[in-house]
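A.B. asks: Residues in the sequence shown are numbered consecutively from 3, following my numbering. Here's a structure for you.
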Amino acid sequence: MIDLQDGHPNHRLWQKMIDTGRSSAANCANLLRNDASIKTVEEFLDTLINSSHYDRRIRPFFDQHKPCNVTMTIHINTISAINEVNMDYNTDLIFRQSWYDPRLNYSGTDWAKKSPQITLHYSLIDRIWVPDSFFRNAKEGKRSDITVPNRLIRIHLDGKVLYSQRLLLKLDCQMKLQKFPLDNQTCVVNIGSYGFDTNDLAFFWDEAQNISAIRVNEDLEMPDFVLSNHEARYCNRTTATGSFTCLLVVLHLKRLFGYYLVQVYIPSMLIVILSFVSFWIDHKSVPARISVGLLTVLTVTTQSSGIRSQLPRVSYIKAIDVWMSACLVFVFAGLLEYALVNVIARKGELRQQVRFSKEVIGNRLAQVHFYKKEDIQGSGETMETLVHKSSGGDRNMSGNASSHVQYSSMSNANASSTQLNPISQSVLPQPARIANAAKPVRDSAQFVDLVSAVLFPVAFIVFNIIYWMVYLNMQNNKQRRVRFDLQTISCQPIKTKWTIEEFNDIFKRFRCSVTANYWQSLKERVYEKHNHQIKLGNLTWKK
C-alpha cells in the first residue's frame, strides 16, 4: 500500500496516476459510446488503448485497492535434455495468462455486437499492462520467433485479457541420485511475480469447467524418462521486499532403465563372469590367467570411469556406484585368488625339491651303511672307496675298470646274482615315493581353484538378489518434495467465495501459531476439500 505525505516530492505524480486509474475506464467507455466517428477497427483500437486515456504503468484495480487476479494455464509441448550433471532440463511450453482490466471493457459499445473479442497484433502488447510474471527457477529462456514472434493478445468485451506466448526455457531441477539409475525425479516449473506483492497481484490456476490448468502433449516422449504424473500447486514466497504469490508445476519423472541395463549392467555382469573362467585354467598357465585378471579389472575400471563422467560429483553413494564397486571387487578378488594359488603352488614345488633331496641323501647314506657291514670285510676296500662308489661311482664306471671289477666281485659274493639283499632293496632310490610326497601340495592349489570356481559365482548371485531386492522394492511413495523455505505454503482457497485476503489472514495466523522448526518439519502436506475446511498437516481451520 502506497502512503505518501503531501510534502513528498512524488506525491503529485502518484496522485495523478491514481486519479488517472480511477477515471480511465469510465472515460474510455464514454468515448467509445459517444464517438460516432469510430468506424474502423484501427480507430477503435487507437481509442481503446489511447495513451491519454489508458496508462499501461498502472495495474488494474489499483484505484480500488485490491489485487489483480491473474489465472494461468500451461501447455507443455516437449521436455528434453534432462541433464544430471548440471541438474537442469529444457522445456518448450505455451504460457497463457488471463486477467480483467476494466479500462478495456467495451461491452456497452456498438463494437461489442460486431466483435465480442479482438485479437491484437503482438506489437500492441507493449501498449497495455501485463503481469510481471517470471520463472523463478529459470537458467535461460527466450520466446519463440519462428516464423514470427509467438505471442498472442486478445481482449474480450468485458475487459478480460488473454496473453499467450510460446517459451523455450532451461529450468533448474535439483535431483536426488541415491537410486540412480533406478530413480524417480521431481522437477518443477516455478512461476512468480517479480515486483508486485500479494497486495497487488495474485496468481491462480485456471481450472474453469473442470479442465486441468496443466496440459501435456499426448505425443511427449523423452529418451531417458517418462512423465508419470504432473500437479498444479500454489505457493507464497516472502523475501526482503515483501510477500509474493507464486505457482508450481510439479513434474514426476520416472527414469527408463532399459538403456542402463543394456549398456552398463549386462556388460559389467559378463565381465565378472569372464573373470570366473580363470578358475578353470591350469595355474601353471601364468600368462593366460594374468591376462584374464588384468583385462577384466581394467575393463571394469574404464567402464566405471565413463559412468562417473556423466554424473555430478555428489558426496553420497548411488546405486550404480554400488554395482560397479561390487563388480570391481569380484574381478580384483579373482586376480588375488590366482596370486594365492601361485604362492601355494610355488611353495609346493619348493617342498617337493626339499623332500626329494632328503630322500636321495638318506638313500645314499643307507647304501654306505649297508656296504660297510656286509662287504667291507670281503672286498678289503677302504671306507673312502665305498663312499665313492655309493655316492657317484656309477658315473665313472666306464672310466675306472678296477672299480668296476671290484664292484662286480662284491656283487657276486651275494647269494643270488639277480636278487639283492632285502636290506639293499629297501634302501634303493624310490622316485614314486618322492612324487607321492609332493602330491598333497599340488592338490592344495587345485582345491583352492575348485572352491573359488564355486564360491565366487554363488557370492555374485547372492549379491544380485540383495541388490535388486533393495533398490527395486524401495518405497516409491516417498518421492522427494519441493523444498520450501519458511514462507512457503502449497495451498489454495477451498471455498470459491473466499477472497485472497481472507485466506492470507488464515495463513498469517498459522505462521504465528507454530515455531520455525515445526514449520520446517512439514515436508509432506495434506490438503483436503471437506466440509469447507483447510487441512494443512494435522492443523485444521474451519470457516
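Glycine residues also receive a C-beta, built at the ideal position from the N, C-alpha and C atoms. Treat the numbers as computed from the prediction; the structure is a model and nothing was measured.
Tell me the DSSP bridge mates of M74?
C.D. replies: Along the sequence shown, one-based indexing puts residue 74 at 72. Note: M74 sits in a beta bridge opposite Q99 and W207.
A.B. asks: If I follow the unbroken beta strand (DSSP E) through V288, where does it start and stop?
C.D. replies: On the sequence shown, position 286 is the one that residue 288 refers to. Premise fails: V288 lies in the alpha helix (DSSP H), V288 to R310, not in any beta strand (DSSP E).
A.B. asks: So, at 8 Å on beta carbons, what are the nonlocal neighbours of E2 in its own chain, with the 5 sequence-adjacent residues on each side left out?
C.D. replies: Nothing can be reported for residue 2: it is not among the residues displayed for the chain, which extend from 3 to 545.
A.B. asks: May I have a chain-ordered list of the beta strand (DSSP E) segments no shorter than 3 residues that lie completely inside the stretch 237-273?
C.D. replies: Entirely contained in the stretch 237-273, the beta strand (DSSP E) runs reaching 3 residues are, in chain order, 244-257.
A.B. asks: Enumerate in chain order the residues of its own chain whose CB-to-CB distance from L95 is below 8 Å, with the five nearest sequence positions on each side excluded.
C.D. replies: Counting from one through the sequence shown, the residue named residue 95 turns up at place 93. So the list reads I76, H77, I78, N79, R168, L169, L171 and V191, once near-sequence residues are dropped.
A.B. asks: Under the rule that 16 or more other beta-carbon atoms within 10 Å means buried, what is D134, buried or exposed?
C.D. replies: For the purposes of this step, residue 134 is taken as the residue at position 132 of the sequence shown. Exposed: under 16 other Cβ atoms inside 10 Å.
A.B. asks: Among L184, G161 and C329, which one has its Cα closest to the Cα of Y473?
C.D. replies: Translated into positions along the sequence shown, residue 473 becomes position 471. Selected option, being the one with the closest Cα: L184.
A.B. asks: The beta strand (DSSP E) spanning T121 covers which residue range?
C.D. replies: The residue labelled residue 121 in the question sits at position 119 within the sequence shown. Q119 to L122 is the span of the beta strand (DSSP E), which, as asked, contains T121.
A.B. asks: Determine the direct distance from the alpha carbon of M271 to that of S306, and round the result to whole angstroms.
C.D. replies: Numbered from its first residue, the sequence shown carries residue 306 at position 304. Numbered from its first residue, the sequence shown carries residue 271 at position 269. The alpha-carbon atoms of S306 and M271 are separated by roughly 13 Å.
A.B. asks: If you follow the beta strand (DSSP E) that F1 is part of, which residue opens it and which one closes it?
C.D. replies: Since the first residue shown for the chain is 3 and the last is 545, residue 1 is missing from the structure and cannot be characterised.
A.B. asks: Buried or exposed for E44, going by 16 or more other Cβ atoms inside 10 Å?
C.D. replies: Along the sequence shown, one-based indexing puts residue 44 at 42. Flag for E44 reads exposed.
A.B. asks: Which residue wins for smallest C-alpha separation from W113, given the options K141, P69 and L47?
C.D. replies: Along the sequence shown, read from residue 1 onward, the residue named residue 113 stands at position 111. It is L47 whose Cα lies nearest to the Cα of W113.
A.B. asks: From A335 to S230, what does the alpha carbon distance come to, in whole angstroms?
C.D. replies: Working through the sequence shown from its first residue, we reach residue 335 at position 333. Working through the sequence shown from its first residue, we reach residue 230 at position 228. Approximately 42 Å between the Cα atoms of the pair.
A.B. asks: May I ask which residues mark the beginning and end of the alpha helix (DSSP H) holding T49?
C.D. replies: To locate residue 49, count along the sequence shown from 1; it is residue 47. Element bounds for T49: V43 to L50.
A.B. asks: How should K320 be labelled, buried or exposed, when 16 other C-beta atoms within 10 angstroms of its C-beta is the threshold for buried?
C.D. replies: By one-based count along the sequence shown, residue 320 stands at place 318. K320 is buried by the Cβ-count criterion.
A.B. asks: Look at the alpha carbon of Y108 and the alpha carbon of I157, and state the distance between them as a whole number of angstroms.
C.D. replies: What you label residue 108 is simply residue 106 of the sequence shown in a count that begins at 1. What you label residue 157 is simply residue 155 of the sequence shown in a count that begins at 1. Near 10 Å, if we compare the C-alpha coordinates of I157 and Y108.
A.B. asks: Which value, in whole angstroms, describes the spacing of the CA atoms of V274 and I81?
C.D. replies: Against the sequence shown, residue 274 aligns to sequence position 272. Against the sequence shown, residue 81 aligns to sequence position 79. Answer to the nearest angstrom: the Cα atoms are 37 Å apart.
A.B. asks: May I have the straight-line CA-CA distance separating E233 from A210, to the nearest angstrom?
C.D. replies: Locating residue 233 in the sequence shown gives position 231, where the first residue counts as 1. Locating residue 210 in the sequence shown gives position 208, where the first residue counts as 1. Their Cα atoms are separated by approximately 16 Å.
A.B. asks: Might you give, ordered along the chain, the residues of its own chain that have their beta carbon closer than 7 Å to the beta carbon of W282, omitting 5 neighbours on each side?
C.D. replies: If you number the sequence shown from 1, residue 282 lands on position 280. Excluding residues within five positions, the ones whose Cβ falls inside 7 Å are A455.
A.B. asks: Which residues in the same chain as N475 place their Cβ atom closer than 7 Å to its Cβ, once the five residues preceding and following it in sequence are excluded?
C.D. replies: Taking the first residue of the sequence shown as 1, we reach residue 475 at position 473. Excluding positions up to five away in sequence, the list is empty.
A.B. asks: According to DSSP, D174 sits in a beta bridge with which residue or residues?
C.D. replies: Stepping through the sequence shown from its first residue, residue 174 is reached at position 172. Its beta-bridge partners are D90.
A.B. asks: Nearest-angstrom Cα distance between D202 and S195?
C.D. replies: Along the sequence shown, one-based indexing puts residue 202 at 200. Along the sequence shown, one-based indexing puts residue 195 at 193. In a straight line, the C-alpha of D202 is about 10 Å away from that of S195.
A.B. asks: Taking 7 Å as the limit between beta carbons, can you name the residues of its chain near N152, skipping five residues before and five after?
C.D. replies: Translated into the one-based positions of the sequence shown, residue 152 becomes position 150. Closer than 7 Å at the Cβ level, and outside the excluded window around N152, lie R145, S146, Q167 and R168.
A.B. asks: Please check the pair R59 and I130, which I expect to be a contact at CB under 8 Å, by giving their CB distance rounded to whole angstroms.
C.D. replies: Translated into the one-based positions of the sequence shown, residue 59 becomes position 57. Translated into the one-based positions of the sequence shown, residue 130 becomes position 128. Between I130 and R59 the Cβ distance is about 11 Å, and since that is not below 8 Å, they are no contact.
A.B. asks: Give the DSSP-derived three-state secondary structure of R61 in the structure shown.
C.D. replies: For the purposes of this step, residue 61 is taken as the residue at position 59 of the sequence shown. Of the three classes helix, strand and coil, the one that applies to R61 here is coil, per DSSP.
A.B. asks: Would you call the stretch 292-305 and the stretch 326-343 in contact, with 3 or more CB pairs under 8 Å?
C.D. replies: The stretch 292-305, when compared against the stretch 326-343, does touch it at the 8 Å Cβ threshold.
A.B. asks: Buried or exposed: which applies to V150, given that a residue is buried once 16 or more other Cβ atoms fall within 10 Å of its Cβ?
C.D. replies: Here residue 150 refers to the residue found at position 148 when the sequence shown is read from its first residue. Looking at its Cβ environment, which holds fewer than 16 other Cβ atoms inside 10 Å, V150 is exposed.
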